[in-house]
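Peer 1:
There are 2 protein chains.
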Amino acid sequence: MYTRAMSGLMQLEPTMSEAPLGLEGMAWIFKALSDPARLKIIMYLASDAVGCCGDGICGCDLESVTGLSQPTISHHMKCLASAGLVVAQKRGKWMYYSLDTRVFAAAGAYLTQCC
Amino acid sequence: MYTRAMSGLMQLEPTMSEAPLGLEGMAWIFKALSDPARLKIIMYLASDAVGCCGDGICGCDLESVTGLSQPTISHHMKCLASAGLVVAQKRGKWMYYSLDTRVFAAAGAYLTQCC
DNA sequence: CAAACATATTGAAATGTATCAATGTAAGGA
DNA sequence: TCCTTACATTGATACATTTCAATATGTTTG
Chain A
51 MYTRAMSGLM
61 QLEPTMSEAP
71 LGLEGMAWIF
81 KALSDPARLK
91 IIMYLASDAV
101 GCCGDGICGC
111 DLESVTGLSQ
121 PTISHHMKCL
131 ASAGLVVAQK
141 RGKWMYYSLD
151 TRVFAAAGAY
161 LTQCC
Chain B
51 MYTRAMSGLM
61 QLEPTMSEAP
71 LGLEGMAWIF
81 KALSDPARLK
91 IIMYLASDAV
101 GCCGDGICGC
111 DLESVTGLSQ
121 PTISHHMKCL
131 ASAGLVVAQK
141 RGKWMYYSLD
151 TRVFAAAGAY
161 LTQCC
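Just so you know, the sequences run in chain order A and B.
Each residue of the first sequence is one higher than the one before, starting from 51 at the first, in our numbering.
Each residue of the second sequence is one higher than the one before, starting from 51 at the first, in our numbering.
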């Protein structure tokens with residue numbers, strides 16, 4: 051039997067674009083939110099802080115905010131992006147990150163409405 | 051240096067009662083929400099379904115809902131309870147579970163208000 | 001083109017997680 | 001008292017996650 055784990059996937063996957071967000075999709079979003087370093091990054095992106103490169107927050111800004119190494123930041127941002135919480139766009143040699151407020155709103159609504 | 055991991059804790063911990071819910075606490079809540087089986091359990095608890103024992107939903111109801119073994123259910127419920135999302139109370143030989151809507155509301159508000 | 005910089009990928013170590021079988025514990029009923 | 005039932009704990013297995021050092025890739029600039 052061939053599993054996602056065997057394929058090397060499922061250690062970062064979804065990126066489900068505009069799907070209906072079933073249990074799996076919601077769980078994936080919450081997993082992305084389940085790390086303090088990632089929440090710190092999110093809070094920073096939400097704060098309208100001015101990044102070192104002007105024009106947005108780039109990866110190197112997040113290294114100093116979190117105290118984590120560059121590869122680790124890269125990993126976390128990929129995780130947040132795969133959940134749709136963060137939009138990453140390359141401009142020049144920088145990656146600029148921003149929050150997709152729609153996904154936050156959807157996840158928030160899920161929690162406030164589920165009970 | 052003595053770490054949480056060495057102590058055997060931190061593989062289920064918080065249960066932070068009435069704390070201010072910092073990044074760590076929020077991350078812990080989202081981690082509890084990050085598993086499809088646990089979301090399924092939450093949806094079931096939110097559905098006002100009638101359990102097999104009357105008077106609420108008990109552990110054995112959740113085995114059939116999820117298809118998971120009894121020890122696994124026990125593990126998941128401890129996880130949800132440690133995040134404060136679920137309240138567990140023993141009555142007779144059953145554990146009755148219910149959602150703490152305040153914690154859901156707090157987590158939902160966190161997401162809708164953070165950006 | 002070469003150097004410098006921002007980011008991504010790989011590899012590895014340490015730790016955490018999900019799951020079940022087996023076993024323990026406590027409560028109720030025959 | 002003994003058996004059954006509901007749940008918890010232990011032990012083991014298979015993965016997943018976090019993190020960094022090392023290295024690769026791609027972009028800008030001298």
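No residue lacks a Cβ here, since even glycine has one placed at the ideal position from N, Cα and C.
Please read these numbers as outputs of a predicted model, since none were measured by experiment.
Can you name, in chain order, every residue of its own chain whose Cβ lies under 6 Å from the Cβ of residue 123 of chain A, other than the five neighbours on each side?
Peer 2: Closer than 6 Å at the Cβ level, and outside the excluded window around residue 123 of chain A, lie 109, 112 and 113.
Peer 1: How many Å lie between residue 102 of chain A and residue 80 of chain B at the Cα?
Peer 2: Cα-Cα distance, rounded: 30 Å.
Peer 1: On the three-pair Cβ rule with 8 Å, is the stretch 147–156 of chain A touching the stretch 141–149 of chain B?
Peer 2: They do not touch, by the three-pair rule.
Peer 1: Can you tell me where the beta strand (DSSP E) holding residue 140 of chain B begins and where it ends?
Peer 2: Segment 136–141, the beta strand (DSSP E) holding residue 140 of chain B.
Peer 1: What is the rounded straight-line gap between the Cα of residue 93 of chain B and the Cα of residue 161 of chain A?
Peer 2: Each residue's alpha carbon lies about 10 Å from the other.
Peer 1: Between the Cα of residue 134 of chain B and those of B/141, B/107, B/156 and B/73, spot the shortest distance and give me the residue it belongs to.
Peer 2: When only C-alpha atoms are compared, the closest one is B/156.
Peer 1: Would you tell me roughly how many angstroms separate the C-alpha atoms of residue 107 of chain A and residue 95 of chain A, rounded to the nearest one?
Peer 2: The alpha-carbon atoms of residue 107 of chain A and residue 95 of chain A are separated by roughly 7 Å.
Peer 1: Can the beta-carbon of residue 88 of chain A be found less than 8 Å from the beta-carbon of residue 126 of chain A?
Peer 2: Yes, Cβ-Cβ distance for residue 88 of chain A and residue 126 of chain A is below 8 Å.
Peer 1: Please list the terminal residues of the continuous beta strand (DSSP E) segment that includes residue 148 of chain B.
Peer 2: Residue 148 of chain B -> beta strand (DSSP E) spans 144–149.
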